[in-house]
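Numbering (the numbering used here), first residue to last: 213 to 613.
Read through the structure below, which is laid out as C-alpha cells, and then see the notes.
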C-alpha cells in the first residue's frame, strides 16, 4: 500500500511531465538546428579574421587618413582597374588599428563590391565580392538556419520563434522535474554529476539532466533575447518590462558648426571629424554612409568596440544649417532599464564580455542542441521498455491459459 502511494503522481507532476515530453518532442528538430547553427554563428568574427589574413595590417602610431583622401584614391584605383569607375560609392568603414578599412561601391553593371584600404595612408589594397566568398556564403547559410531554418523568412521566423517559446517552457518544466523530492548523497550525485563510467542509457540520462541544469540560466537568457527577433509583440513586451515603454522615444540633439570649420575642407571630412569628437571616446568601428540620392545626407555610426552595439552613436549631417544631429541618446545618459534593453543583442550573440562570454554562449548552444537528442533517446528507451513489459505480460497470460 505504501509503495502504491509512493508511485502515485500528483496531477501537477503529470501535467509537468506531459508538457516537458510533448513540447520537447514538438520543438526538438527546430531547436536542434537553431542551437547548432548558433554555436557556429557565435565565432563568425574569429572565422572571418583567420580566413582573411589579407585584411590584417601593422598598427601605426598615427591617425587614420580623412575620408576625402580615401574616396579620391578609391575612384582613381577603380577607374584604372577592370571594374571601371564606380557608379556609386555608398559607404566608408574604419575598423580597429590592426585591420583594413573598406568601401562599399556599385559597379557599372550594378554589382555590389567591397574595396579594402590601408587606413593610415588611404591606399586601396584589393577588391572583393563578399557575396561570392566561401566564408560569406557559409555564414549566410548558418544565419539562415539559425533564424529561419532555411525556410522563407515570413514562414521560418515565426516557426523558429514558436519553437523557442516551446523550448523555454520545456526547460522550465525540466528544471522543476529535475529538482529532487529529497536531498541526500544519492540525489545530489544524480543531480550534479555525470557518471561517465555508467552504461550508455544511464549516461544519456545524466547528460540530459545534469547538463540541462547547468545550462539553464544561460539558455534562458539566449532564448528570451532571441524570441524578440521573431516576434515584435515579444520585443515590445521586453521593452515595456524594462523601460515602461513600447515605442522608441524620438531623440535629437543638434550641434551647429561655425562656418570657419569649412575653410578649404570637404564636407565629408568636417562631418567625420566633428561627429567623431562629439562621441568623446575612441571608436573601434566607424561606419560612414555617403549620400547616393539627391535628398540623402551624410550619416555615421560609431561603436566603441566591434560587437558592442549598446555603445552605438548615430549622427546625421544637416547641410542647410551646417549642423550635426545626434539621433540616439548616449548610453551613459540612459536609465537602467533602457541600458538592459540595449544589451539584448550582445546577450544573445555572446559578445557582452568578449571571448569568455562567446565561449559560454557556444557551449550553452551545443548543450541546447543536445537536449532534444538525449531527451528523445530517453523517451524511446522508456517506450521500448514499456512495450516489452506489455508483451511479457501478454505472454504470461497466454502461458497461464
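Using N, Cα and C, we set each Cβ at its ideal position, and we do this for glycine too.
Would residue i and residue j qualify as a contact pair, given that the criterion is a beta-carbon distance under 7 angstroms?
i: residue 289; j: residue 319; result: no
i: residue 579; j: residue 423; result: yes
i: residue 587; j: residue 334; result: no
i: residue 427; j: residue 576; result: yes
i: residue 280; j: residue 478; result: yes
i: residue 316; j: residue 455; result: no
i: residue 356; j: residue 465; result: no
i: residue 560; j: residue 437; result: yes
i: residue 354; j: residue 259; result: no
i: residue 358; j: residue 254; result: no
i: residue 533; j: residue 557; result: no
i: residue 543; j: residue 510; result: no
i: residue 409; j: residue 418; result: no
i: residue 496; j: residue 523; result: no
i: residue 431; j: residue 383; result: yes
i: residue 493; j: residue 516; result: yes
Could you tell me which residues DSSP puts in a beta bridge with residue i?
i: residue 501; result: 303 and 511
i: residue 329; result: 313 and 336
i: residue 308; result: Looking at the DSSP assignment, residue 308 forms no beta bridge with any residue, so it has no partner.
i: residue 468; result: 535
i: residue 324; result: 318
Is any heavy atom of the ligand ZN found at a distance shorter than 6 angstroms from the C-beta of residue i?
i: residue 531; result: For the ligand ZN, the structure offers nothing, since it holds no ligand at all.
Would you please state the rounded distance, in angstroms, between the beta carbons of residue i and residue j? I believe it to be under 8 angstroms.
i: residue 285; j: residue 339; result: Their Cβ separation, rounded to whole angstroms, is 13 angstroms, which puts residue 285 and residue 339 out of contact at 8 angstroms.
i: residue 536; j: residue 486; result: 6 angstroms
i: residue 303; j: residue 501; result: 5 angstroms
i: residue 269; j: residue 312; result: 6 angstroms
i: residue 540; j: residue 526; result: 5 angstroms
i: residue 386; j: residue 443; result: Actually they do not touch by this definition, with Cβ atoms about 23 angstroms apart.
i: residue 277; j: residue 332; result: 7 angstroms
i: residue 263; j: residue 352; result: The pair is not a contact, with the Cβ atoms about 14 angstroms apart (cut-off 8 angstroms).
i: residue 590; j: residue 341; result: Between residue 341 and residue 590 the Cβ distance is about 48 angstroms, and since that is not below 8 angstroms, they are no contact.
i: residue 300; j: residue 504; result: 5 angstroms
i: residue 251; j: residue 581; result: 7 angstroms
i: residue 583; j: residue 420; result: 6 angstroms
Compare the C-beta of residue i with all C-beta atoms of chain B and state if any pair is closer than 7 angstroms.
i: residue 351; result: Given the protein chain composition of this structure (a single chain), no chain B is represented.
Leaving out five residues on either side along the sequence, give the residues of the same chain with a beta carbon under 6 angstroms from the beta carbon of residue i.
i: residue 314; result: 305, 326 and 328
i: residue 452; result: 458
i: residue 362; result: 356
i: residue 221; result: none
Between which two residues does the alpha helix (DSSP H) harbouring residue i extend?
i: residue 371; result: 365 to 390
i: residue 486; result: 479 to 490
i: residue 261; result: 256 to 263
i: residue 565; result: No alpha helix (DSSP H) contains residue 565, which DSSP labels as neither H nor E.
i: residue 234; result: 223 to 253
i: residue 399; result: 397 to 404
i: residue 280; result: 279 to 291
i: residue 269; result: Element bounds for residue 269: n/a, residue is neither H nor E.
i: residue 418; result: 412 to 439
i: residue 349; result: 346 to 360
i: residue 409; result: Element bounds for residue 409: n/a, residue is neither H nor E.
i: residue 549; result: 548 to 554
i: residue 448; result: 444 to 455
Considering only residues of the same chain and omitting the five flanking positions on each side of residue i, which have a CB-CB separation below 7 angstroms?
i: residue 209; result: Absent from the structure is residue 209, since the part of the chain shown begins at 213 and ends at 613.
i: residue 595; result: none
i: residue 448; result: 458
i: residue 389; result: 228, 229 and 232
i: residue 224; result: none
i: residue 309; result: 271
i: residue 585; result: 244
i: residue 499; result: 303, 305, 512 and 513
i: residue 439; result: 373, 376, 377 and 446
Can you list, in chain order, the residues of its chain whose CB lies under 8 angstroms from that of residue i, leaving out five sequence neighbours each side?
i: residue 404; result: 422 and 425
i: residue 367; result: 360
i: residue 469; result: 482, 486, 534, 535 and 536
i: residue 414; result: 407
i: residue 547; result: 455
i: residue 287; result: 297, 298 and 301
Which residue marks the beginning of the beta strand (DSSP E) containing residue i, and which one marks its end?
i: residue 529; result: 525 to 530
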